[in-house]
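These protein sequence lines map, in sequence, to chains A and B.
Our numbering applies: residue 1 is where the first sequence begins, and numbers increase by one.
Our numbering applies: residue 1001 is where the second sequence begins, and numbers increase by one.
Built from N, CA and C at the ideal position, the CB exists for glycine as well.
Predicted model, so just to flag it, every value in this text is computed and none were measured.
There are 2 protein chains.
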Amino acid sequence: MPDAAAKRKRRFKENVYGAVARVPAALANRHRLELLDLISQRPRTVQDLAAEAGVTVANASQHLGVLARCGLVSVERRGTYAFYRAADPAVYRLLVELRAVAESVDHEIVAAERAYFGERDPGIATYDAAQDIIADRRAALLDARPREEYEAAHIPGAVSVPLEALRSKKFALPRAKRYVVYCRGPYCVFADEAVALLRRRGLDATRLALGPAEWVAAGGEVDRVG
Amino acid sequence: MPDAAAKRKRRFKENVYGAVARVPAALANRHRLELLDLISQRPRTVQDLAAEAGVTVANASQHLGVLARCGLVSVERRGTYAFYRAADPAVYRLLVELRAVAESVDHEIVAAERAYFGERDPGIATYDAAQDIIADRRAALLDARPREEYEAAHIPGAVSVPLEALRSKKFALPRAKRYVVYCRGPYCVFADEAVALLRRRGLDATRLALGPAEWVAAGGEVDRVG
DNA sequence: GTCATATTCAAGAGAGTTCTTGACTTCCGA
DNA sequence: TCGGAAGTCAAGAACTCTCTTGAATATGAC
């Protein structure tokens, strides 16, 4: 290869790989990953996110700025509030693949999950199986997350039954149905608890181990309220 | 939530997100991304990779060590040589998604590609379309990469026609067929050049814009020689 | 054994990241 | 208009990452 062409190729590769590397650089931080996961449930303010992720407001703002500058989240300003939201379904897919690789590569993660969740019912874990549930008229899909998250995005056909409401027995559920409950995703405990609660009441309940983010990553659509 | 449970949850999140973040940290470097792309074609030695990626041997060794410690590549030692190879199809999927997000988020990348490749024939770019080609008996799938890469892994049914050999007219190809040519992947120029060459000889040639890595990421199997 | 070769290791200068702190800007309601 | 609240900005200490250099290790050929 002539020298000039080789140099041109080298510069091209440096540019492209350098630009691509900015994305994993933005993801290469504990707090930013957690913030992204929180954002993927619904748009949230900086304070709110900071409190939930256990960091200071200023620090959360800086991390969110990194994600926004990279295009992984977008901001909508309303008054003094800044609502951060996930930018693109492609980001969900990336996060799902990232988690898959991390779990297959680092057994510590699976061990930590087991230590935290105990012997967990694996439940329904694939997109196709979840679609069968939606099609089945004798099954009911329940969303165990807080109502605001259901309103922002939920799996089509799901009914909002927040765990808190379920705990305080605000719901009377017919006995004949098969209940399938989902929550935020694999690291969320709401659906596990809802399933346990429903079973204690003698109902047929199963966990769906996907949240709306995983649903979108697999190619699904989500509904919103209003 | 009681205080102890909240603390336990926080510690769990710190552990899990901290561990997951190690994967993007390993990917957050120009050279490591390029090395991974090279490795994904076939197992290669440190020297070889260092030369192709334009870094010193010691530096390449250190970057490869980072990838290996993270489990993204594996090493096989033969004599004084160390052959690095890609560890898992999940890694290919992650890289494909990473590139997709980077391109959708950073228009500079697309601009750099256009500047380098010119107005490029998009060719066939989906897994399904590629499978139709393989099934079509009047089409022939050609692999334009160097023979060693074909031998390490190629799309089933492909014939090895290295660009170098094609240039020196070592191949007599029947005129009646439709030729579909692939190479290393979207940032590789071999297939573009092969298609141009075949067309100049009056043959019906199209580029397939997937390499074996993208093929595997989409769920395909690959064949190897020997 | 000796030598050349492939790779890794170790130390250190320089650059980049992270988190805290306190100040600053902007918006809204009283 | 003022005060409070939400968010951002700026500077700096502590830490981590990167790349170079030269040495160390290990293997195979002679």
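Let me check understanding here. Comparing Cα to Cα, which of B:1191, B:1086, B:1078 lies closest to residue 1071 of chain B? B:1086
Just checking: is the beta-carbon of residue 128 of chain A within a distance shorter than 7 Å of some beta-carbon in chain B? no
Mind checking residue 1225 of chain B: buried by the 16 CB within 10 Å criterion, or exposed? A residue is called buried when at least 16 other Cβ atoms come within 10 angstroms of its Cβ; residue 1225 of chain B does not meet this threshold and is exposed.
Option in B:1046, B:1119, B:1157 with minimal Cα separation from residue 1078 of chain B: It is B:1046.
Closer than 6 Å: residue 40 of chain A CB and nearest the ligand SAM heavy atom: Questions concerning the ligand SAM fall outside what the structure shown contains, since it holds no ligand whatsoever.
Please check the pair residue 1083 of chain B and residue 1145 of chain B, which I expect to be a contact at CB under 8 Å, by giving their CB distance rounded to whole angstroms. Going by Cβ atoms, the distance from residue 1083 of chain B to residue 1145 of chain B rounds to 18 Å, so no, they are not a contact pair.
Quick one: is residue 1213 of chain B near chain A, going by C-beta distance under 7 Å? no
Within the region 1049-1131 of chain B, note down every full beta strand (DSSP E) run reaching 3 residues or more, in order along the chain. 1073-1078, 1081-1086
Any C-beta of chain A within less than 8 Å: which residues of the region 1066-1078 of chain B qualify? 1070, 1071, 1072
Using a 10 Å radius around the Cβ and a threshold of 16 neighbouring Cβ atoms, would you call residue 212 of chain A buried or exposed? buried
Bridge partners of residue 1182 of chain B, per DSSP? B:1143
When DSSP labels each residue in this structure, what does residue 32 of chain A get in the three-state scheme? helix
Cα separation between residue 1113 of chain B and residue 1183 of chain B? 16 Å
Quick one: list the residues of chain B neighbouring residue 93 of chain A, beta-carbon separation under 7 Å, in chain order. 1097
Residue environment, residue 62 of chain A, which counts as buried when at least 16 other CB atoms sit within 10 Å: exposed
When the distance is taken between beta carbons, is residue 1054 of chain B closer than 7 Å to residue 10 of chain A? yes
Is the region 1161-1178 of chain B touching the region 1087-1094 of chain B, taking contact as three or more C-beta pairs under 8 Å? no
Does the separation of the CB atoms of residue 197 of chain A and residue 173 of chain A fall below 7 Å? no
Taking the alpha carbon of residue 106 of chain A as the point to measure from, which residue in B:1127, B:1016, B:1058 has its own alpha carbon closest? Residue B:1016 is the option with its Cα nearest to residue 106 of chain A.
Within 7 Å of chain A by C-beta, residues of the region 1180-1214 of chain B in sequence order: 1187
Would the region 1023-1040 of chain B count as touching the region 214-224 of chain A if we require 3 or more Cβ pairs under 8 Å? Verdict: no, contact absent.
Once DSSP output is grouped into helix, strand and coil, what is the label at residue 1138 of chain B? In the structure shown, residue 1138 of chain B falls within a coil segment according to DSSP collapsed to helix, strand and coil.
With distances taken from CA atoms, which of A:30, A:158, A:142, A:14 is nearest residue 1032 of chain B? A:14
Between which two residues does the alpha helix (DSSP H) carrying residue 25 of chain A extend? Taken as a continuous stretch (DSSP letters only), the alpha helix (DSSP H) holding residue 25 of chain A covers 3-27.
Would you say residue 104 of chain A faces chain B, with C-beta separation under 7 Å as the test? yes
Can you tell me the Cα-Cα spacing of residue 150 of chain A and residue 195 of chain A, whole angstroms? 18 Å
What do you reckon, are the CB atoms on residue 1193 of chain B and residue 1042 of chain B nearer than 7 Å? No; because the gap between Cβ atoms is not below 7 Å, this pair is not in contact.
So, helix, strand or coil for residue 1173 of chain B, using DSSP? coil
Could you spell out where the beta strand (DSSP E) holding residue 158 of chain A opens and where it closes? Here residue 158 of chain A belongs to no beta strand (DSSP E), and DSSP marks it neither H nor E.
Rounded distance between the beta-carbons of residue 124 of chain A and residue 73 of chain A, thought under 8 Å: The pair is not a contact, with the Cβ atoms about 29 Å apart (cut-off 8 Å).
Where residue 1132 of chain B falls, given that 16 or more other Cβ within 10 Å makes a residue buried: exposed
Extent of the continuous beta strand (DSSP E) to which residue 1205 of chain B belongs: 1204-1207
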